[in-house]
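*Asks:* There's a structure below that I have some questions on.
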Amino acid sequence: MKQEIIALGEINEKLLKELKKAGVANIVFCVQCGTCSASCPSGRVTAFRTRQLIRKALMGLSEVLKSDELWLCTTCYTCLERCPRKVETVPAIIALRNMAVESGNINPRHRDIAHMFIRYGHAVPINEENVKKRESLGLPAVPPTTHSFKQALEELQTLVKKSGFDKKVDFGWEGQK
Amino acid sequence: MKLALYLGCVIPNRYPGIEAATRKALPKLGVELLDMNGASCCPAPGVIRSFDKKIWLLTAARNLSIAEEMGLDVITLCNGCYASLKEANHILKTEEEKRKEVNMSLAEISREFKGSIKVKHLAEVLYFDVGVKAIKEAVKRKIQVKAAVFYGCHLLKPRELRPWGSVEKPTFLDEMVKVLGAESVPYRDKMMCCGAGGALRSGALDVSLNIVCERLEAMKEAGAECIVNVCPFCHLQFDLGQRQIAMKLGENFNMPVIYYTQLLGLAMGFTPQELGIHMNATDCKSFIERIGI
Numbered sequence: 000m001k002q003e004i005i006a007l008g009e010i011n012e013k014l015l016k017e018l019k020k021a022g023v024a025n026i027v028f029c030v031q032c033g034t035c036s037a038s039c040p041s042g043r044v045t046a047f048r049t050r051q052l053i054r055k056a057l058m059g060l061s062e063v064l065k066s067d068e069l070w071l072c073t074t075c076y077t078c079l080e081r082c083p084r085k086v087e088t089v090p091a092i093i094a095l096r097n098m099a100v101e102s103g104n105i106n107p108r109h110r111d112i113a114h115m116f117i118r119y120g121h122a123v124p125i126n127e128e129n130v131k132k133r134e135s136l137g138l139p140a141v142p143p144t145t146h147s148f149k150q151a152l153e154e155l156q157t158l159v160k161k162s163g164f165d166k167k168v169d170f171g172w173e174g175q176k
Numbered sequence: 000m001k002l003a004l005y006l007g008c009v010i011p012n013r014y015p016g017i018e019a020a021t022r023k024a025l026p027k028l029g030v031e032l033l034d035m036n037g038a039s040c041c042p043a044p045g046v047i048r049s050f051d052k053k054i055w056l057l058t059a060a061r062n063l064s065i066a067e068e069m070g071l072d073v074i075t076l077c078n079g080c081y082a083s084l085k086e087a088n089h090i091l092k093t094e095e096e097k098r099k100e101v102n103m104s105l106a107e108i109s110r111e112f113k114g115s116i117k118v119k120h121l122a123e124v125l126y127f128d129v130g131v132k133a134i135k136e137a138v139k140r141k142i143q144v145k146a147a148v149f150y151g152c153h154l155l156k157p158r159e160l161r162p163w164g165s166v167e168k169p170t171f172l173d174e175m176v177k178v179l180g181a182e183s184v185p186y187r188d189k190m191m192c193c194g195a196g197g198a199l200r201s202g203a204l205d206v207s208l209n210i211v212c213e214r215l216e217a218m219k220e221a222g223a224e225c226i227v228n229v230c231p232f233c234h235l236q237f238d239l240g241q242r243q244i245a246m247k248l249g250e251n252f253n254m255p256v257i258y259y260t261q262l263l264g265l266a267m268g269f270t271p272q273e274l275g276i277h278m279n280a281t282d283c284k285s286f287i288e289r290i291g292i
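Going line by line, the protein sequences match chains A and B.
Take 0 as the starting number for the first sequence in numbering that gives the first Met the number 0 and just add one per residue.
Take 0 as the starting number for the second sequence in numbering that gives the first Met the number 0 and just add one per residue.
So, in structure tokens, the structure goes:
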């Protein structure tokens with residue numbers, strides 16, 4: 000069996016500090032029991048192991064920020080509910096994902112969803128097919144959301160600009176009405 | 000009682016039948032629904048929150064401020080919207096620093112988070128405020144069908160802010176389904192995730208479909224004739240997911256997927272067409288024939 004050696008240079012001491020800053024300091028209580036992995040719906044159909052992800056984060060291996068595995072968690076919270084040490088597993092994964100996006104690691108499909116959210120105020124916007132369905136059900140053709148109120152959408156877009164979310168997900172405002 | 004209806008994305012833009020069913024059924028139980036004009040995506044707890052917690056909290060705060068202006072508690076029809084709005088509401092009510100920061104941004108769009116309302120899920124309103132007894136009294140015809148009741152994750156977990164007690168073996172939704180005349184069949188891994196959440200469906204569709212396939216197999220084995228859910232994203236995953244599984248894996252489950260207010264609407268005497276049941280990706284014709292409507 001090949002021994003995996005982790006060199007000191009691979010350890011990013013800032014990672015744990017940032018996780019602590021993000022309010023998930025209690026991952027240090029993890030005793031690697033594996034209850035999380037055993038409860039995981041994604042882990043059952045893939046090689047994703049929550050326990051391993053938490054361990055890597057604790058060791059400061061920033062490879063976790065680039066790994067596809069980070070995005071296999073469905074955020075079902077079963078691991079968090081069952082953890083005997085009450086480790087905030089899902090908030091830790093979300094904090095790691097935030098760091099990944101911050102450092103430019105985002106799946107193009109996810110970027111598209113973020114762009115929809117900024118452009119329409121909906122991660123899943125209306126389409127022709129559903130306008131017709133709505134009309135045939137006697138509902139207004141377009142729902143009374145940001146889809147119907149221009150000012151509401153502008154409010155949301157102001158918040159997006161203010162928070163810098165547009166830059167994080169490379170959203171271009173050109174061509175935006 | 001009057002409530003602010005939070006629509007979200009998937010219901011109005013992909014499954015408007017759920018919106019129609021809810022708007023028809025709830026007033027019959029004394030629940031008046033008022034629109035939250037100008038609300039946006041909640042935003043999705045596993046998607047937008049995974050990208051950036053700041054914009055997640057800000058957007059949720061803006062949505063909550065719309066209901067606060069109306070002076071009404073929010074009703075959500077989606078487990079994801081429930082998670083985002085309920086958790087954001089709690090954070091903003093209890094963490095002063097975050098509230099201040101959020102309100103500084105909201106001031107630029109002349110809004111403010113005050114912390115004056117509650118966020119409830121459809122199931123919460125029906126179970127605690129309306130009550131199973133009142134639901135039973137509204138039933139005009141019993142829907143005698145074997146149902147695989149599916150709760151979904153974010154309705155129950157994390158348990159901290161939620162009113163249910165048990166997250167491993169809850170019974171409230173089963174009770175609500177049984178009272179409509181249906182049988183709730185026990186099945187393997189009933190409390191396990193549908194596989195849609197956490198940006199998995201968009202990011203890794205194959206994995207997501209493998210997960211939902213396991214749920215569908217267990218439901219089929221247990222003899223379920225339909226799935227009853229209370230979340231449009233679980234609904235989409237089971238419904239559209241079946242079509243995708245048929246294309247990719249060649250497996251046909253033919254399992255009708257029904258949102259709770261659609262089943263409730265049928266029991267109240269509305270037609271399947273009024274409730275948009277025929278608009279599912281999965282064929283519901285045999286289901287409609289089976290229940291004799």
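For glycine and all other residues, C-beta sits at the position ideal for the given N, C-alpha and C.
A:L60 and B:P15 look like a contact to me (Cβ under 8 Å); what is the Cβ gap, rounded to whole Å?
*Replies:* With 8 Å as the limit, A:L60 and B:P15 do not qualify as a contact, their Cβ atoms being about 46 Å apart.
*Asks:* Put A:D165 into one of helix, strand or coil per three-state DSSP.
*Replies:* Here A:D165 sits in helix by DSSP.
*Asks:* Between the C-alpha atoms of B:F286 and B:L71, what's the straight-line distance to the nearest angstrom?
*Replies:* Each residue's Cα considered, the two are about 37 Å apart.
*Asks:* May I ask you to list the residues that DSSP assigns as paired with A:I10?
*Replies:* Answer is A:L60.
*Asks:* Does the beta-carbon distance from B:T260 to B:A82 come in below 7 Å?
*Replies:* Not a contact, by the Cβ cut-off of 7 Å.
*Asks:* Mind reading off the beta-carbon distance from B:G196 to B:F149? Whole number of angstroms is fine, and I expect it under 8 Å.
*Replies:* B:G196 to B:F149, Cβ: 13 Å. No contact.
*Asks:* Which runs of the beta strand (DSSP E) spanning at least 3 residues fall entirely within the segment 80-166 of chain B, listed in chain order?
*Replies:* For the segment 80-166 of chain B, whole beta strand (DSSP E) runs of length 3 or above, ordered along the chain, are 118-120, 145-149.
*Asks:* Do the CB positions of B:C225 and B:P255 come within less than 7 Å of each other?
*Replies:* Yes, they are a contact pair.
*Asks:* Since A:E80 and B:V166 are thought to touch, with beta carbons under 8 Å apart, how far apart are those beta carbons, to the nearest angstrom?
*Replies:* Confirmed, about 6 Å.
*Asks:* Between A:V123 and A:F170, what straight-line distance do the alpha-carbon atoms span, to the nearest angstrom?
*Replies:* Answer to the nearest angstrom: the Cα atoms are 17 Å apart.
*Asks:* Please compile the residues from chain A whose C-beta is within a distance smaller than 9 Å of the C-beta of B:L84.
*Replies:* In chain order: nothing, as chain A lies at least about 14 Å away.
*Asks:* What three-state label does DSSP hand B:I292 in the structure shown?
*Replies:* Of the three classes helix, strand and coil, the one that applies to B:I292 here is coil, per DSSP.
*Asks:* DSSP on A:T77, reduced to helix/strand/coil?
*Replies:* Residue state, collapsed to three classes: helix.
*Asks:* Scan the segment 67-83 of chain A for residues whose Cβ lies nearer than 8 Å to a Cβ of chain B and list them as they occur along the chain.
*Replies:* Cβ contacts with chain B come from D67, W70, L71, C72, T73, T74, C75, Y76, T77, L79, E80.
*Asks:* Would you check if the segment 17-35 of chain A and the segment 85-95 of chain A touch, i.e. whether three or more CB-CB distances between them fall below 8 Å?
*Replies:* A contact exists between the segment 85-95 of chain A and the segment 17-35 of chain A.
*Asks:* For the 8 Å Cβ check, are there 3 or more pairs between the segment 139-146 of chain A and the segment 87-106 of chain B?
*Replies:* Counting Cβ pairs under 8 Å, fewer than three are found: no touch.
*Asks:* Rounded to the nearest angstrom, what separates B:A60 and A:G174 at their Cα positions?
*Replies:* Rounded to whole angstroms, B:A60 to A:G174 spans 28 Å at the Cα level.
*Asks:* A:I112 and B:V46: beta carbons closer than 7 Å?
*Replies:* Yes; because the gap between Cβ atoms is below 7 Å, this pair is in contact.
*Asks:* Tell me, please, which residues DSSP counts as bridged to B:C225.
*Replies:* B:C225 is bridged to B:A146.
*Asks:* Counting only beta-carbon atoms, is A:T34 nearer than 7 Å to chain B?
*Replies:* Cβ-Cβ to chain B under 7 Å: no for A:T34.
*Asks:* With hydrogens ignored, establish whether the beta-carbon of B:I116 is closer than 6 Å to any heavy atom of the ligand SAM.
*Replies:* Looking at this structure, you won't find the ligand SAM or any other ligand, since it has none at all.
*Asks:* Identify the continuous beta strand (DSSP E) that holds A:Y119 and give its terminal residues.
*Replies:* Here A:Y119 belongs to no beta strand (DSSP E); instead the alpha helix (DSSP H) covers 107-119.
*Asks:* In chain A, what lies closer than 7 Å to B:T58 by C-beta?
*Replies:* In chain order: L155, L158.
*Asks:* Please state whether DSSP places B:V256 in a helix, a strand or coil.
*Replies:* Of the three classes helix, strand and coil, the one that applies to B:V256 here is strand, per DSSP.
*Asks:* Name the residue from B:L125, B:I54, B:C80, B:S64 whose alpha carbon lies nearest to the alpha carbon of B:V9.
*Replies:* Considering only alpha carbons, the answer is B:C80.
*Asks:* Keeping to the same chain, check which residues put their C-beta closer than 8 Å to that of B:K177; ignore five residues upstream and five downstream.
*Replies:* Taken in chain order, the residues that qualify are S183.
*Asks:* Quick one: complete alpha helix (DSSP H) runs, 4+ long, within the segment 179-258 of chain B?
*Replies:* The qualifying runs are 199-202, 204-220, 231-248.
*Asks:* Compare the Cα-Cα distances from B:K219 to each of B:G194, B:L248, B:K189 and report the closest residue.
*Replies:* Cα-wise, what sits closest to B:K219 is B:K189.
*Asks:* Are the C-beta of B:R161 and some C-beta of chain A separated by less than 7 Å?
*Replies:* False, the Cβ-Cβ gap to chain A never drops below 7 Å.
*Asks:* Could you confirm whether any beta carbon from chain B is found closer than 7 Å to the beta carbon of A:A151?
*Replies:* Chain B contact via Cβ: present.
*Asks:* Check distances from the C-beta atoms of the segment 260-274 of chain B to those of chain A and list, in chain order, the residues that come in under 9 Å.
*Replies:* The residues in question are Q272, E273, L274.
*Asks:* Okay, do the segment 63-78 of chain A and the segment 197-206 of chain B touch, 3+ Cβ pairs below 8 Å being the bar?
*Replies:* Yes, since at least three Cβ pairs between the segment 63-78 of chain A and the segment 197-206 of chain B fall closer than 8 Å, the two stretches touch.
*Asks:* Count the other CB atoms, across all protein chains shown, that sit within 10 Å of the CB of A:E127; report buried if there are 16 or more and exposed otherwise.
*Replies:* That one is exposed.
*Asks:* Measure from the C-beta of A:K161 to each C-beta in chain B and report whether the shortest distance is under 7 Å.
*Replies:* For A:K161, the answer is yes, since a Cβ of chain B falls inside 7 Å of its Cβ.
*Asks:* In whole angstroms, give me the CA-to-CA distance for A:T74 and B:V129.
*Replies:* Spanning the two alpha carbons is a distance of roughly 30 Å.
*Asks:* Which whole-angstrom value is the C-beta distance of B:L56 and B:K97, which I expect to be below 8 Å?
*Replies:* Confirmed, Cβ separation roughly 7 Å.
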